[in-house]
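In full-length UniProt numbering, the protein residues as written are 1 to 239. Down below is the structure, laid out as structure tokens.
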């Protein structure tokens with residue numbers, strides 16, 4: 001299953017650049033770009049006042065050059081890299097393209113655990129307030145407590161005791177995984193397994209493996225509406 005989440009930063013408008021051949025970047029230029037990017041990260045950390053561990057897998061953004069439009073033909077353009085010029089064409093897609101970036105599994109798990117801890121603290125405070133209000137009101141003898149049961153019996157969830165009362169909205173905040181397709185598929189497979197008790201062990205193993213749906217989380221980082229196709233040989237200019 002593929003899950004696409006909203007961008008954490010501002011959505012950027014990008015241009016797809018297609019070039020024939022290879023681009024050789026000198027090591028000195030790469031080293032300078034890395035140093036500049038590290039200086040910017042250090043400045044952002046000082047301004048925010050929050051210390052983050054250095055991420056060695058950060059994408060290095062390196063300016064390749066500048067694209068200049070042709071004044072005589074709006075569909076033509078050229079890429080200028082120092083004294084090199086590569087001619088090409090530009091256009092617009094019929095439908096925009098989405099640029100996705102795969103999220104790190106460890107970061108996603110840490111973020112979800114932090115959110116769950118915050119939700120648990122908020123829900124505990126709400127439950128304490130609700131219990132204090134409920135103690136002031138006499139309950140009829142026929143009143144029975146309600147316990148929320150998980151939607152999927154296979155998921156490991158922390159359910160409250162049978163004597164406590166909670167809102168469905170609060171319970172879903174503590175168990176967001178029950179609203180995913182994984183939980184729905186697992187519940188459906190469990191029902192099918194209960195109805196087919198006469199199946200052999202091999203079929204049960206296959207059903208168990210089918211419950212484990214692989215999931216990949218991608219973050220939307222940009223949108224592409226225009227493209228630049230550079231299909232000519234580079235030429236050197238002299239100013």
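Even glycine gets a Cβ: it sits at the ideal position worked out from N, Cα and C.
Check, Outcome
"Beta strand (DSSP E) containing residue 216: first to last residue?", "216-230"
"What is the DSSP secondary structure of residue 90, reduced to helix, strand or coil?", "strand"
"Residue range of the beta strand (DSSP E) that residue 79 falls in?", "76-81"
"Quick one: is residue 66 buried, meaning 16 or more other Cβ sit within 10 Å of its Cβ, or exposed?", "exposed"
"Going along the chain, which residues of its own chain have a beta-carbon closer than 8 Å to the beta-carbon of residue 216, five neighbours each way excluded?", "1, 2, 3 and 102"
"Hey, would you say residue 33 sits closer than 9 Å to residue 60, going by beta carbons?", "yes"
"If I follow the unbroken beta strand (DSSP E) through residue 17, where does it start and stop?", "12-19"
"Span of the beta strand (DSSP E) holding residue 5?", "2-5"
"Work out the CA separation of residue 236 and residue 242 for me, nearest whole Å.", "No statement about residue 242 is possible, as the shown extent of the chain runs from 1 to 239 and does not include it."
"Using DSSP bridges, identify the partner residues of residue 68.", "78"
"With H, G and I counted as helix, E and B as strand and the rest as coil, what does DSSP make of residue 95?", "strand"
"Buried or exposed: residue 6, going by 16 or more other Cβ atoms within 10 Å of its Cβ?", "exposed"
"Could you give the DSSP three-state label for residue 60: helix, strand or coil?", "coil"
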